[in-house]
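In our numbering, the protein residues as written are 1423 to 1623.
Yeah, the Cβ is synthetic: ideal placement off N, Cα and C, and Gly gets one too.
Structure first, then comments.
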(Lines of atoms letter the chains of each structure in order from A and count residues from 1; the text may use other names and numbers.)
(Lines give C-alpha, C1' and ligand atoms only; values in the text may rest on other atoms or scores of the structure.)
Protein backbone atom coordinates (compact mmCIF):
# COMPACT_ATOMS: atom_id res chain seq x y z
CA UNK A 1 0.00 0.00 0.00
CA UNK A 2 1.30 3.44 -0.87
CA UNK A 3 1.38 6.62 1.20
CA UNK A 4 1.14 4.90 4.56
CA UNK A 5 2.52 6.67 7.60
CA UNK A 6 5.97 5.27 8.35
CA UNK A 7 4.89 3.92 11.77
CA UNK A 8 2.14 1.86 10.14
CA UNK A 9 4.49 0.59 7.43
CA UNK A 10 7.10 -0.35 10.05
CA UNK A 11 4.49 -2.36 11.99
CA UNK A 12 3.33 -4.10 8.79
CA UNK A 13 6.93 -4.93 7.84
CA UNK A 14 7.69 -6.29 11.31
CA UNK A 15 4.59 -8.51 11.40
CA UNK A 16 5.11 -9.81 7.87
CA UNK A 17 8.58 -11.02 8.91
CA UNK A 18 6.83 -13.65 11.05
CA UNK A 19 6.40 -17.10 9.48
CA UNK A 20 2.93 -17.61 8.02
CA UNK A 21 2.02 -13.92 7.97
CA UNK A 22 2.12 -12.24 4.58
CA UNK A 23 1.91 -8.52 3.94
CA UNK A 24 -1.90 -8.58 3.49
CA UNK A 25 -2.42 -10.37 6.81
CA UNK A 26 0.02 -7.98 8.47
CA UNK A 27 -1.93 -5.02 7.08
CA UNK A 28 -5.20 -6.41 8.47
CA UNK A 29 -3.62 -6.97 11.88
CA UNK A 30 -2.15 -3.47 12.06
CA UNK A 31 -5.37 -1.74 11.01
CA UNK A 32 -7.35 -3.91 13.43
CA UNK A 33 -5.00 -2.86 16.25
CA UNK A 34 -5.43 0.80 15.30
CA UNK A 35 -9.25 0.50 15.36
CA UNK A 36 -9.38 -1.56 18.54
CA UNK A 37 -10.25 0.47 21.61
CA UNK A 38 -10.07 -2.28 24.23
CA UNK A 39 -6.36 -1.84 24.92
CA UNK A 40 -5.39 -4.86 22.83
CA UNK A 41 -2.40 -3.00 21.41
CA UNK A 42 -1.02 -2.39 24.91
CA UNK A 43 -1.69 -5.98 26.03
CA UNK A 44 0.05 -7.27 22.92
CA UNK A 45 3.04 -4.96 23.38
CA UNK A 46 3.43 -6.02 27.02
CA UNK A 47 3.07 -9.72 26.20
CA UNK A 48 5.62 -9.59 23.38
CA UNK A 49 8.01 -7.55 25.52
CA UNK A 50 7.77 -10.12 28.31
CA UNK A 51 8.66 -13.01 25.98
CA UNK A 52 12.38 -12.30 25.76
CA UNK A 53 12.52 -11.12 29.34
CA UNK A 54 10.78 -14.07 31.02
CA UNK A 55 10.97 -17.08 28.71
CA UNK A 56 14.04 -19.30 28.61
CA UNK A 57 15.00 -22.81 27.56
CA UNK A 58 14.70 -25.50 30.20
CA UNK A 59 18.20 -26.91 30.88
CA UNK A 60 16.76 -30.45 30.88
CA UNK A 61 14.23 -30.66 28.03
CA UNK A 62 15.13 -27.48 26.12
CA UNK A 63 11.43 -26.69 25.94
CA UNK A 64 10.48 -23.08 26.63
CA UNK A 65 9.54 -22.22 30.20
CA UNK A 66 9.11 -19.16 32.36
CA UNK A 67 10.50 -20.79 35.48
CA UNK A 68 13.78 -22.53 36.10
CA UNK A 69 12.56 -25.80 34.55
CA UNK A 70 9.82 -26.91 32.16
CA UNK A 71 7.00 -28.53 34.21
CA UNK A 72 7.09 -31.58 31.91
CA UNK A 73 10.79 -32.09 32.67
CA UNK A 74 10.36 -32.28 36.44
CA UNK A 75 6.84 -33.61 36.93
CA UNK A 76 6.83 -36.76 39.11
CA UNK A 77 3.88 -38.02 37.03
CA UNK A 78 5.90 -38.53 33.83
CA UNK A 79 7.54 -41.78 32.74
CA UNK A 80 11.35 -41.42 32.97
CA UNK A 81 11.94 -44.57 30.89
CA UNK A 82 10.72 -43.02 27.62
CA UNK A 83 12.21 -39.94 25.94
CA UNK A 84 10.45 -38.31 22.98
CA UNK A 85 12.64 -36.24 20.66
CA UNK A 86 10.87 -33.40 18.84
CA UNK A 87 12.11 -30.64 16.55
CA UNK A 88 10.26 -27.70 18.09
CA UNK A 89 8.23 -26.72 21.15
CA UNK A 90 5.20 -26.64 18.82
CA UNK A 91 5.81 -30.31 18.03
CA UNK A 92 5.93 -31.03 21.77
CA UNK A 93 2.53 -29.36 22.14
CA UNK A 94 1.19 -31.44 19.24
CA UNK A 95 2.30 -34.67 20.95
CA UNK A 96 0.85 -33.50 24.28
CA UNK A 97 -2.52 -32.80 22.62
CA UNK A 98 -2.84 -36.51 21.84
CA UNK A 99 -2.99 -37.31 25.60
CA UNK A 100 -1.31 -40.58 24.54
CA UNK A 101 2.28 -39.90 25.60
CA UNK A 102 3.31 -39.68 29.27
CA UNK A 103 7.11 -39.73 29.06
CA UNK A 104 9.79 -37.03 28.96
CA UNK A 105 10.78 -34.75 26.07
CA UNK A 106 13.88 -33.35 24.43
CA UNK A 107 13.47 -30.40 22.03
CA UNK A 108 16.12 -30.07 19.30
CA UNK A 109 15.07 -26.58 18.13
CA UNK A 110 15.21 -27.53 14.47
CA UNK A 111 16.35 -30.24 12.11
CA UNK A 112 19.54 -30.83 10.15
CA UNK A 113 19.51 -28.84 6.92
CA UNK A 114 22.83 -28.37 5.12
CA UNK A 115 21.14 -26.13 2.53
CA UNK A 116 20.13 -23.75 5.31
CA UNK A 117 23.48 -24.12 7.08
CA UNK A 118 21.92 -25.93 10.06
CA UNK A 119 24.36 -28.55 11.29
CA UNK A 120 24.36 -30.63 14.50
CA UNK A 121 26.15 -27.86 16.40
CA UNK A 122 23.14 -25.53 15.94
CA UNK A 123 20.72 -28.06 17.45
CA UNK A 124 20.44 -29.60 20.92
CA UNK A 125 21.80 -32.95 19.70
CA UNK A 126 24.98 -33.06 21.80
CA UNK A 127 22.87 -32.32 24.90
CA UNK A 128 20.52 -35.15 23.88
CA UNK A 129 23.34 -37.68 23.52
CA UNK A 130 24.80 -36.60 26.87
CA UNK A 131 21.39 -36.83 28.53
CA UNK A 132 20.75 -40.35 27.22
CA UNK A 133 24.27 -41.55 28.08
CA UNK A 134 24.09 -40.19 31.63
CA UNK A 135 20.67 -41.67 32.34
CA UNK A 136 20.21 -45.05 33.98
CA UNK A 137 16.46 -44.91 33.40
CA UNK A 138 15.85 -44.27 29.68
CA UNK A 139 14.81 -47.48 27.94
CA UNK A 140 13.28 -46.05 24.77
CA UNK A 141 13.97 -43.02 22.61
CA UNK A 142 11.12 -42.00 20.30
CA UNK A 143 12.15 -39.97 17.27
CA UNK A 144 9.02 -37.86 16.74
CA UNK A 145 10.51 -35.90 13.85
CA UNK A 146 8.88 -34.53 10.72
CA UNK A 147 8.48 -36.85 7.75
CA UNK A 148 10.57 -34.71 5.40
CA UNK A 149 14.18 -34.87 4.20
CA UNK A 150 15.44 -32.79 7.13
CA UNK A 151 13.54 -34.90 9.68
CA UNK A 152 14.87 -38.11 8.13
CA UNK A 153 18.45 -36.81 8.07
CA UNK A 154 18.17 -35.75 11.71
CA UNK A 155 16.71 -39.13 12.71
CA UNK A 156 19.54 -41.04 11.01
CA UNK A 157 22.17 -38.77 12.54
CA UNK A 158 20.76 -39.22 16.05
CA UNK A 159 20.39 -42.97 15.54
CA UNK A 160 24.04 -43.17 14.50
CA UNK A 161 25.16 -41.21 17.58
CA UNK A 162 22.98 -43.24 19.95
CA UNK A 163 24.18 -46.55 18.51
CA UNK A 164 27.63 -45.90 20.00
CA UNK A 165 26.45 -46.41 23.59
CA UNK A 166 22.65 -46.60 24.02
CA UNK A 167 21.36 -50.15 24.48
CA UNK A 168 17.63 -49.38 24.61
CA UNK A 169 15.00 -49.17 21.88
CA UNK A 170 14.99 -46.37 19.32
CA UNK A 171 11.62 -45.97 17.62
CA UNK A 172 10.14 -43.62 15.06
CA UNK A 173 6.55 -42.53 14.63
CA UNK A 174 4.51 -44.72 12.28
CA UNK A 175 4.02 -43.35 8.79
CA UNK A 176 0.47 -42.12 9.14
CA UNK A 177 2.27 -38.82 8.93
CA UNK A 178 2.34 -37.48 5.37
CA UNK A 179 5.76 -37.30 3.76
CA UNK A 180 7.05 -33.78 4.14
CA UNK A 181 4.50 -33.09 6.89
CA UNK A 182 5.18 -31.10 10.05
CA UNK A 183 3.90 -32.48 13.35
CA UNK A 184 2.24 -29.29 14.51
CA UNK A 185 -0.16 -29.42 11.52
CA UNK A 186 -1.44 -32.93 12.33
CA UNK A 187 -4.69 -33.54 14.12
CA UNK A 188 -4.47 -35.21 17.53
CA UNK A 189 -6.02 -38.46 16.27
CA UNK A 190 -3.45 -38.98 13.50
CA UNK A 191 -0.56 -38.16 15.80
CA UNK A 192 -1.98 -40.36 18.57
CA UNK A 193 -2.18 -43.34 16.17
CA UNK A 194 1.38 -42.66 14.92
CA UNK A 195 2.62 -42.70 18.53
CA UNK A 196 0.86 -45.98 19.32
CA UNK A 197 2.11 -47.62 16.09
CA UNK A 198 5.70 -46.41 16.34
CA UNK A 199 8.32 -48.81 15.01
CA UNK A 200 11.92 -49.78 15.70
CA UNK A 201 14.28 -47.48 13.87
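Helix or strand or just coil, what does DSSP make of residue i?
{"i": "residue 1568", "result": "coil"}
{"i": "residue 1478", "result": "strand"}
{"i": "residue 1622", "result": "strand"}
{"i": "residue 1607", "result": "helix"}
{"i": "residue 1438", "result": "helix"}
{"i": "residue 1426", "result": "coil"}
{"i": "residue 1498", "result": "coil"}
{"i": "residue 1432", "result": "helix"}
{"i": "residue 1596", "result": "coil"}
{"i": "residue 1545", "result": "coil"}
In the DSSP assignment, what residue or residues form a beta bridge with residue i?
{"i": "residue 1562", "result": "1504 and 1591"}
{"i": "residue 1527", "result": "1506"}
{"i": "residue 1578", "result": "Bridge partners of residue 1578: none, in fact."}
{"i": "residue 1540", "result": "1535"}
{"i": "residue 1486", "result": "1479"}
Taking only the alpha-carbon atoms, compute the straight-line gap between residue i and residue j and give it to the nearest angstrom.
{"i": "residue 1455", "j": "residue 1549", "result": "41 Å"}
{"i": "residue 1465", "j": "residue 1507", "result": "34 Å"}
{"i": "residue 1502", "j": "residue 1554", "result": "11 Å"}
{"i": "residue 1500", "j": "residue 1522", "result": "12 Å"}
{"i": "residue 1467", "j": "residue 1476", "result": "14 Å"}
{"i": "residue 1438", "j": "residue 1556", "result": "43 Å"}
{"i": "residue 1478", "j": "residue 1430", "result": "31 Å"}
{"i": "residue 1514", "j": "residue 1444", "result": "26 Å"}
{"i": "residue 1482", "j": "residue 1580", "result": "18 Å"}
{"i": "residue 1591", "j": "residue 1461", "result": "52 Å"}
{"i": "residue 1426", "j": "residue 1447", "result": "16 Å"}
{"i": "residue 1505", "j": "residue 1440", "result": "31 Å"}
{"i": "residue 1568", "j": "residue 1524", "result": "20 Å"}
{"i": "residue 1511", "j": "residue 1608", "result": "14 Å"}
{"i": "residue 1560", "j": "residue 1463", "result": "46 Å"}
{"i": "residue 1459", "j": "residue 1489", "result": "33 Å"}
Leaving out five residues before and five after residue i in sequence, what residues of the same chain have Cβ atoms less than 7 Å from its Cβ?
{"i": "residue 1423", "result": "Because the pLDDT at residue 1423 is just 47, under 50, the model does not fix this residue reliably, and the point stays unresolved."}
{"i": "residue 1613", "result": "1516, 1517, 1520 and 1605"}
{"i": "residue 1389", "result": "The question about residue 1389 has no answer, for the chain in this structure spans 1423 to 1623."}
{"i": "residue 1452", "result": "1430, 1433, 1434 and 1437"}
{"i": "residue 1618", "result": "1522"}
Leaving out the 5 sequence neighbours to the left and right, which residues in its chain are closer than 8 Å to residue i when beta-carbon positions are compared?
{"i": "residue 1593", "result": "1562, 1563, 1564, 1565, 1620, 1621, 1622 and 1623"}
{"i": "residue 1545", "result": "1530, 1531, 1532, 1533, 1534 and 1576"}
{"i": "residue 1484", "result": "1528, 1529, 1530, 1531, 1546 and 1549"}
{"i": "residue 1541", "result": "1534"}
Only counting the same chain, and skipping five residues up and downstream in sequence, which positions put a Cβ closer than 6 Å to that of residue i?
{"i": "residue 1457", "result": "none"}
{"i": "residue 1595", "result": "1566, 1616 and 1620"}
{"i": "residue 1583", "result": "1551"}
{"i": "residue 1487", "result": "1480"}
Notebook entry, point to check: Do three or more CB pairs link the stretch 1531-1548 to the stretch 1569-1584 at distances below 8 Å?
Noted result: The stretch 1531-1548 is in contact with the stretch 1569-1584.
Margin query: Taking 8 Å as the cut-off, does the stretch 1487-1496 touch the stretch 1582-1589 (at least 3 CB pairs, one atom from each stretch)?
Written below: The answer is no - the stretch 1487-1496 does not touch the stretch 1582-1589, with fewer than three Cβ pairs under 8 Å.
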